[in-house]
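Student: Below is one structure. I have some questions about it.
Number of protein chains: 4
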Amino acid sequence: MSTKKFSCNIQVRFADLDSYGHVNNATYFTYLETARTKIFMTQGIDFMHEDILYVVAKAECAFKKPINLGDELKVHLWISHVGKASFDIDYMLEDPEGKLFATAKTVMVALEKGKETPAPLPEKFLQLVKG
Amino acid sequence: MSTKKFSCNIQVRFADLDSYGHVNNATYFTYLETARTKIFMTQGIDFMHEDILYVVAKAECAFKKPINLGDELKVHLWISHVGKASFDIDYMLEDPEGKLFATAKTVMVALEKGKETPAPLPEKFLQLVKG
Amino acid sequence: MSTKKFSCNIQVRFADLDSYGHVNNATYFTYLETARTKIFMTQGIDFMHEDILYVVAKAECAFKKPINLGDELKVHLWISHVGKASFDIDYMLEDPEGKLFATAKTVMVALEKGKETPAPLPEKFLQLVKG
Amino acid sequence: MSTKKFSCNIQVRFADLDSYGHVNNATYFTYLETARTKIFMTQGIDFMHEDILYVVAKAECAFKKPINLGDELKVHLWISHVGKASFDIDYMLEDPEGKLFATAKTVMVALEKGKETPAPLPEKFLQLVKG
Numbered sequence: 001m002s003t004k005k006f007s008c009n010i011q012v013r014f015a016d017l018d019s020y021g022h023v024n025n026a027t028y029f030t031y032l033e034t035a036r037t038k039i040f041m042t043q044g045i046d047f048m049h050e051d052i053l054y055v056v057a058k059a060e061c062a063f064k065k066p067i068n069l070g071d072e073l074k075v076h077l078w079i080s081h082v083g084k085a086s087f088d089i090d091y092m093l094e095d096p097e098g099k100l101f102a103t104a105k106t107v108m109v110a111l112e113k114g115k116e117t118p119a120p121l122p123e124k125f126l127q128l129v130k131g
Numbered sequence: 132m133s134t135k136k137f138s139c140n141i142q143v144r145f146a147d148l149d150s151y152g153h154v155n156n157a158t159y160f161t162y163l164e165t166a167r168t169k170i171f172m173t174q175g176i177d178f179m180h181e182d183i184l185y186v187v188a189k190a191e192c193a194f195k196k197p198i199n200l201g202d203e204l205k206v207h208l209w210i211s212h213v214g215k216a217s218f219d220i221d222y223m224l225e226d227p228e229g230k231l232f233a234t235a236k237t238v239m240v241a242l243e244k245g246k247e248t249p250a251p252l253p254e255k256f257l258q259l260v261k262g
Numbered sequence: 263m264s265t266k267k268f269s270c271n272i273q274v275r276f277a278d279l280d281s282y283g284h285v286n287n288a289t290y291f292t293y294l295e296t297a298r299t300k301i302f303m304t305q306g307i308d309f310m311h312e313d314i315l316y317v318v319a320k321a322e323c324a325f326k327k328p329i330n331l332g333d334e335l336k337v338h339l340w341i342s343h344v345g346k347a348s349f350d351i352d353y354m355l356e357d358p359e360g361k362l363f364a365t366a367k368t369v370m371v372a373l374e375k376g377k378e379t380p381a382p383l384p385e386k387f388l389q390l391v392k393g
Numbered sequence: 394m395s396t397k398k399f400s401c402n403i404q405v406r407f408a409d410l411d412s413y414g415h416v417n418n419a420t421y422f423t424y425l426e427t428a429r430t431k432i433f434m435t436q437g438i439d440f441m442h443e444d445i446l447y448v449v450a451k452a453e454c455a456f457k458k459p460i461n462l463g464d465e466l467k468v469h470l471w472i473s474h475v476g477k478a479s480f481d482i483d484y485m486l487e488d489p490e491g492k493l494f495a496t497a498k499t500v501m502v503a504l505e506k507g508k509e510t511p512a513p514l515p516e517k518f519l520q521l522v523k524g
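Chains as they are written, first to last, in our numbering: chain A, 1 to 131; chain B, 132 to 262; chain C, 263 to 393; chain D, 394 to 524.
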């Protein structure tokens, strides 16, 4: 459990919009992932080359306001729960004035690469959370 | 409330995989949408040219098994709740042998085109549900 | 050089459309890749687990007609040139009545996995081409 | 014809990578579009709400180096040809040190909204080009 918040600016792309003219619902989950992976990398957690894979076990999103092409988008996230081999991330998608586009949560599981069995969360990760 | 189930085959694309070698988590939500919109169209509900937009208010997915490139994927869905201007869809993502990849749910809201105010579900839609 | 043609049906997804209401231009290249990889797999060329990676060195597409959500889409492709470590694929995107949506070409290069140096085209691939 | 160059930073997303571990080839075309539409908007050309649609008639890309997740990516573009109802854009994809990832070109056609007939390029656009 941590109250430490991390933030990431997201670049909204024309291709993120669907034919309704707003950002497509599935793309919100891409935004969560973009923020999560960029923040992990900044914090020294190399999820692409280490022995641990962090995979999404559950994901949910409540869509509050449509996101338009010109919107300035920020994803704020924080670790809301830590288990043995899993943790929860909570997210808020906002513009800089605090207009709330969505709230979301993902349950992440750590897996040993190549084995697909749960792995204890590495020390480096636990330090990040306690930060 | 309906127990009527609809099914849709999904074509898994190479580009759906991420660098972990499995279908990316956000893409599952694209699969839900692909199934939902194809089934709506087949049932005579033209969500692109009518006065009603069906937008996703909430979405959640529990990821059970990774989907690989060669997998044969089916999305089964049914309307699990009907409100005045909203309804829930439940989903199962399986292969033809019943291997379960994921379960999911979306809360859909009907909006009047151009106004973004809730609209009563059209009669044609209610008939589909009672089917 | 081969006149042997291969075809692949493509499932058009709602998310493939952009806010202009038609399939986004970048998605055409995803369609080419989807057809190419499916046909390779069907022909016994396992581009994901063998020692050779087939990467795109050049890609071009001429967009003739917009693709809509309900369109039935087929990609026809054939190997139009074979070099030592590279080959060209030509594509036509059509509906079953022969309405032409696009023509395209990709120059593919075979690379040794992990090395990123050109690799001679494997015998299995050359047999496929000679068909 | 103009030698005026515009540049746009692109945020590379984890989801842009495919199972080869590099940015997928189709995504390069999304990068071109992202840069093009952002620069147009900055220059006061509102391609989403005006009477003119700018559509891609042809697109080509030469892939020089793979783009990785941590790469800092810039798209430089310039109008390389202007016709009556069409124009060409040339692109270079680089990192800040000048490492070249790709070169590309798109032929753009101006269409009257709703009619799909070619429209003369608006004065505002021509001024942008002469800049």
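We put the beta carbon where it would ideally sit given N, CA and C, even for glycine.
Tell me B/H207's beta-bridge partners as DSSP assigns them.
Tutor: B/S138, B/M223
Student: Identify each residue in the stretch 198-226 of chain B for which the Cβ-Cβ distance to at least one residue of chain G is less than 9 Å, and report them in chain order.
Tutor: The chain inventory of the structure shown lacks chain G, comprising the protein chains A, B, C and D.
Student: Would B/T173 count as contacting chain C if we go by Cβ distances under 8 Å?
Tutor: no
Student: Do the stretch 288-305 of chain C and the stretch 319-329 of chain C make contact, defined as three or more Cβ pairs closer than 8 Å?
Tutor: yes
Student: Please tell me whether C/A277 has its Cβ less than 8 Å away from any Cβ of chain A.
Tutor: The beta-carbon of C/A277 is placed less than 8 Å from the nearest beta-carbon of chain A.
Student: Taking the alpha helix (DSSP H) that D/A431 falls in, what are its first and last residues?
Tutor: At residue 431 of chain D the sequence reads Lys, which differs from the Ala that was named. Run containing D/K431: 418-435, per the alpha helix (DSSP H) assignment.
Student: Identify the continuous alpha helix (DSSP H) that holds C/K377 and give its terminal residues.
Tutor: Taken as a continuous stretch (DSSP letters only), C/K377 belongs to no alpha helix (DSSP H), as it is neither H nor E.
Student: According to DSSP, is A/V129 part of a helix, a strand, or is it coil?
Tutor: Per DSSP, reduced to three states, the secondary structure at A/V129 is helical.
Student: Could you give the DSSP three-state label for A/K124: helix, strand or coil?
Tutor: helix
Student: What do you get for C/K300, buried or exposed, if any count of 16 or more other CB atoms within 10 angstroms of its CB means buried?
Tutor: buried
Student: Does DSSP put B/A216 in a helix, in a strand, or in coil?
Tutor: coil
Student: Rounding to the nearest angstrom, what Cα-Cα distance links C/E295 and C/H343 in this structure?
Tutor: 18 Å
Student: Do C/A372 and C/I383 count as a contact pair if the criterion is CB distance below 8 Å?
Tutor: Just to set this straight, residue 383 of chain C is Leu in the shown sequence, not Ile. Going by C-beta atoms, C/L383 is nearer than 8 Å to C/A372.
Student: For a quick check, are the C-beta atoms of C/D357 and C/V369 less than 8 Å apart?
Tutor: no
Student: Expressed to the nearest angstrom, what Euclidean distance is found between the alpha-carbon atoms of B/E254 and B/I183?
Tutor: Spanning the two alpha carbons is a distance of roughly 12 Å.
Student: Run through the DSSP bridge pairs and tell me what D/A495 is partnered with.
Tutor: D/F456, D/L486
Student: What in chain D is Cβ-close to B/D149, meaning under 8 Å?
Tutor: In chain order: F407, A408, L410, D411, S412.
Student: Going straight from the alpha carbon of C/V354 to that of D/A452, what length do you get?
Tutor: Before going further, note that residue 354 of chain C is Met rather than Val in the sequence given. Looking at the two C-alpha atoms, the distance is approximately 15 Å.
Student: Taking 8 Å as the cut-off, decide whether the C-beta atoms of B/D221 and B/K236 are in contact.
Tutor: yes
Student: Is the beta carbon of C/N271 sitting closer than 8 Å to the one on C/L279?
Tutor: no
Student: Run through chain A and tell me which residues come within less than 7 Å of D/E426, C-beta to C-beta.
Tutor: F14, A15
Student: Roughly how many whole angstroms lie between the Cα atoms of A/A119 and A/S86?
Tutor: 9 Å
Student: For C/Y316, which beta-bridge partners are listed by DSSP?
Tutor: C/A372
Student: Starting from A/L69, follow its DSSP beta bridges and name the residues at the other end.
Tutor: Paired residue(s): none; A/L69 is not in a bridge.
Student: If the cut-off is 8 Å on Cβ atoms, which residues from the stretch 52-64 of chain A count as contacting chain B, listed in chain order?
Tutor: L53, V55, V56, A57, K58, A59, E60, C61, A62, F63
Student: What's the call for C/L362, buried or exposed, on a 16-neighbour Cβ count within 10 Å?
Tutor: exposed
Student: Chain B partners of D/A419, CB-CB under 8 Å?
Tutor: At a beta-carbon threshold of 8 Å, the residues of chain B lying near D/A419 are A146, ordered along the chain.
Student: If the cut is a Cβ gap below 8 Å, which residues of chain B does C/M310 touch?
Tutor: G152, L200
Student: Only counting the same chain, and skipping five residues up and downstream in sequence, which positions put a Cβ closer than 7 Å to that of D/V405?
Tutor: Within the same chain, D/V405 has close Cβ partners V416, I460, L462, D464, L466.
Student: Compare the C-beta of A/T30 against all C-beta atoms of chain D and say whether one is closer than 8 Å.
Tutor: yes
Student: Below 8 Å on the Cβ atoms is my guess for D/W471 versus D/K523; work out the distance and round it to an integer in Å.
Tutor: Not a contact, Cβ separation roughly 13 Å.
Student: Suppose the cutoff is 8 Å on Cβ atoms and the five residues either side in sequence are ignored; what does the same chain contact list for B/L257 look like?
Tutor: V213
Student: Throw me the rounded Cβ distance for the B/N150 and D/G414 pair, which I believe falls under 8 Å.
Tutor: It should be pointed out that residue 150 of chain B corresponds to Ser in this sequence rather than to Asn. The Cβ separation is near 5 Å, so the contact holds.
Student: Measure the C-alpha to C-alpha separation of B/M179 and A/A15 and round it to an integer number of angstroms.
Tutor: 18 Å
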